[in-house]
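Undergrad: This is the structure, below, for whatever I ask next.
Protein chains: 2
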Amino acid sequence: MAISMSSASVPIFVTMLGNLSKCLGKARAHAEAKKFDPNVLVTTRLAPDMLPFKSQVQIACDSAKLCVARLSGVDAPRFEDTEATLSELEERIAKTLAYLESVPREKLDGTEDKQVSVPRRDQEPMRFTGEHYLKHFALPNFFFHVTTAYALLRHNGVDLGKADYLGGR
Amino acid sequence: MAISMSSASVPIFVTMLGNLSKCLGKARAHAEAKKFDPNVLVTTRLAPDMLPFKSQVQIACDSAKLCVARLSGVDAPRFEDTEATLSELEERIAKTLAYLESVPREKLDGTEDKQVSVPRRDQEPMRFTGEHYLKHFALPNFFFHVTTAYALLRHNGVDLGKADYLGGR
Numbered sequence: 001m002a003i004s005m006s007s008a009s010v011p012i013f014v015t016m017l018g019n020l021s022k023c024l025g026k027a028r029a030h031a032e033a034k035k036f037d038p039n040v041l042v043t044t045r046l047a048p049d050m051l052p053f054k055s056q057v058q059i060a061c062d063s064a065k066l067c068v069a070r071l072s073g074v075d076a077p078r079f080e081d082t083e084a085t086l087s088e089l090e091e092r093i094a095k096t097l098a099y100l101e102s103v104p105r106e107k108l109d110g111t112e113d114k115q116v117s118v119p120r121r122d123q124e125p126m127r128f129t130g131e132h133y134l135k136h137f138a139l140p141n142f143f144f145h146v147t148t149a150y151a152l153l154r155h156n157g158v159d160l161g162k163a164d165y166l167g168g169r
Numbered sequence: 001m002a003i004s005m006s007s008a009s010v011p012i013f014v015t016m017l018g019n020l021s022k023c024l025g026k027a028r029a030h031a032e033a034k035k036f037d038p039n040v041l042v043t044t045r046l047a048p049d050m051l052p053f054k055s056q057v058q059i060a061c062d063s064a065k066l067c068v069a070r071l072s073g074v075d076a077p078r079f080e081d082t083e084a085t086l087s088e089l090e091e092r093i094a095k096t097l098a099y100l101e102s103v104p105r106e107k108l109d110g111t112e113d114k115q116v117s118v119p120r121r122d123q124e125p126m127r128f129t130g131e132h133y134l135k136h137f138a139l140p141n142f143f144f145h146v147t148t149a150y151a152l153l154r155h156n157g158v159d160l161g162k163a164d165y166l167g168g169r
């Protein structure tokens with residue numbers, strides 16, 4: 001049986017966001033052990049013209065949420081990007097997970113040929129079929145932000161390994 | 001029509017490795033403009049206990065290659081991990097792309113339930129069905145190494161943006 005649209009989206013997003021949330025918990029524990037303010041990590045960047053850690057987590061959440069919303073047509077909650085602490089970022093992930101898990105799988109299945117439009121600032125929107133959007137835009141973009149968030153924590157000395165990123169094993 | 005195993009693997013790997021190769025070209029041009037040895041970038045790391053840039057590129061190549069080899073049963077070329085320059089890493093990507101593009105799509109389709117075994121050092125191998133392996137191990141691992149390679153170049157001042165990572169638009 002070929003891969004369904006629901007199975008190629010929600011379970012991947014849920015697993016990876018759950019793993020990311022655990023990495024944030026380890027980051028808080030690391031800061032406590034080293035006696036520095038864990039929220040220093042919220043604004044850390046890998047380059048001055050890259051987005052800070054909080055944005056990497058926010059966009060990881062939003063790229064999963066918007067993918068599922070665009071494919072399923074089920075309205076997603078809007079988040080205001082006001083998180084300023086690791087705990088608030090963990091809440092953002094939890095709210096995103098609650099939305100992802102609330103969407104009936106049958107609303108995602110069969111959306112391979114659905115027309116999906118992604119708005120861009122000052123440019124025409126990008127247009128895809130549902131399947132192309134999922135495989136060549138939503139998933140690569142999602143993994144980009146999850147990995148960059150992980151890389152920022154590693155760069156700042158948090159004791160994480162590949163198993164924290166992949167999870168489960 | 002649901003997503004095929006071939007379309008959820010080879011075109012994603014080919015697009016992203018092609019984009020990564022262009023990022024390496026931009027890294028070389030950046031080094032020339034700034035008059036530093038471009039091969040300094042080959043050993044740069046985000047943390048002392050993370051793998052260097054060259055390993056990120058090598059493993060990005062190998063995670064794509066091994067995924068397609070394990071699913072399709074088509075033997076993949078073995079690479080010796082001897083790359084010491086950006087040009088040699090670009091060649092590694094080119095050789096990987098040649099293999100990926102040589103594998104007949106029909107050898108990948110229908111492998112959803114194939115038993116896949118991934119060896120581990122000092123532990124029992126991980127065992128998956130083909131579909132689970134692709135979605136929950138091979139793709140997340142591939143994107144991890146492509147993104148980390150990109151992050152290392154950005155961290156070292158190479159002028160790249162999200163469009164270089166995603167490509168095409």
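Chains as they are written, first to last, in UniProt numbering: chain A, 1 to 169; chain B, 1 to 169.
Idealized CB from N, CA, C, for every residue including glycine.
#1: Kindly indicate which three-state DSSP category Arg127 (chain B) falls into: helix, strand or coil?
#2: Just the Cα atoms here: how many angstroms apart are Val158 (chain A) and Ala27 (chain A)?
#3: Which residues of chain B have a Cβ atom closer than 7 Å to the Cβ of Phe53 (chain A), listed in chain order?
#4: By the criterion of Cβ-Cβ separation under 8 Å, what are the contact partners of Ser4 (chain A) in chain B?
#5: Grab me the residues of Val103 (chain A)'s own chain with a C-beta within less than 6 Å of its C-beta, minus the 5 sequence neighbours each way, in chain order.
#6: Please return the same chain residues whose Cβ sits closer than 6 Å to the Cβ of Glu131 (chain B), not counting the five positions on each side in sequence.
#7: Are the C-beta of Arg154 (chain B) and some C-beta of chain A separated by less than 8 Å?
#8: In whole angstroms, what separates the C-alpha of Val146 (chain B) from that of Thr15 (chain B)?
#9: Among all the DSSP beta bridges, which residues are the ones paired with Arg120 (chain A)?
#10: Step through the CB atoms of chain B and report whether any lies within less than 8 Å of the CB of Tyr133 (chain A).
#11: Ignore the nearest five residues each way along the sequence and tell me which others in Met126 (chain A)'s own chain have a CB closer than 6 Å to its CB.
#12: Would you verify that the beta carbon of Glu112 (chain A) is, or is not, closer than 8 Å to some beta carbon of chain B?
#13: How many Å lie between Leu100 (chain A) and Ala64 (chain A) at the Cα?
#14: Taking Asn156 (chain A) and Leu46 (chain A) to be in contact with their CB atoms under 8 Å, please state how far apart those CB atoms are, rounded to whole angstroms.
#15: Interface residues of chain B around Asn39 (chain A) at Cβ under 7 Å?
#16: Assuming the contact rule is C-beta atoms closer than 8 Å, Gln58 (chain A) and Arg92 (chain A) should be a hit. Round their C-beta distance to whole Å, please.
#17: Would you say Leu46 (chain B) faces chain A, with C-beta separation under 8 Å as the test?
#18: Quick one: which chain A residues come within Cβ less than 7 Å of Pro140 (chain B)?
#19: Say whether chain A places a C-beta atom closer than 8 Å to the C-beta of Ile93 (chain B).
#20: Residues of chain B with CB under 8 Å from Ile12 (chain A), in chain order?
#21: Going by beta carbon distance, what residues of the same chain come within less than 6 Å of Thr129 (chain A), once the five residues before and after it are set aside?
#22: Within 8 Å of any Cβ in chain B, is that where the Cβ of Thr82 (chain A) sits?
#23: Look at Leu89 (chain B) and Pro38 (chain B) and say whether their C-beta atoms are less than 8 Å apart.
#24: With a threshold of 7 Å on Cβ separation, who are the neighbours of Ala138 (chain A) within its own chain once the five nearest residues in sequence on each side are excluded?
#25: Along chain B, in chain order, which residues have C-beta atoms closer than 8 Å to that of Ala8 (chain A)?
#26: Of the residues B:Gly110, B:Ala163 and B:Tyr150, which one's Cα is nearest the Cα of Pro52 (chain B)?
TA: Taking the coordinates as given:
#1: strand
#2: 6 Å
#3: Near Phe53 (chain A) there are no residues of chain B at all, since even the closest Cβ is about 12 Å away, more than 7 Å.
#4: Ala2 and Ile3
#5: Val68, Ser72 and Val74
#6: Glu112
#7: yes
#8: 11 Å
#9: A:Gln123
#10: no
#11: Val118
#12: yes
#13: 8 Å
#14: Rounded, the Cβ-Cβ distance is 10 Å, inconsistent with contact.
#15: Correct list: empty, because the minimum Cβ distance to chain B is about 21 Å.
#16: 6 Å
#17: yes
#18: Met16, Phe143 and Leu166
#19: no
#20: Lys135, His136, Leu139 and Pro140
#21: Asp113
#22: no
#23: no
#24: Ser63 and Cys67
#25: Ile3, Ala8 and Lys135
#26: B:Tyr150
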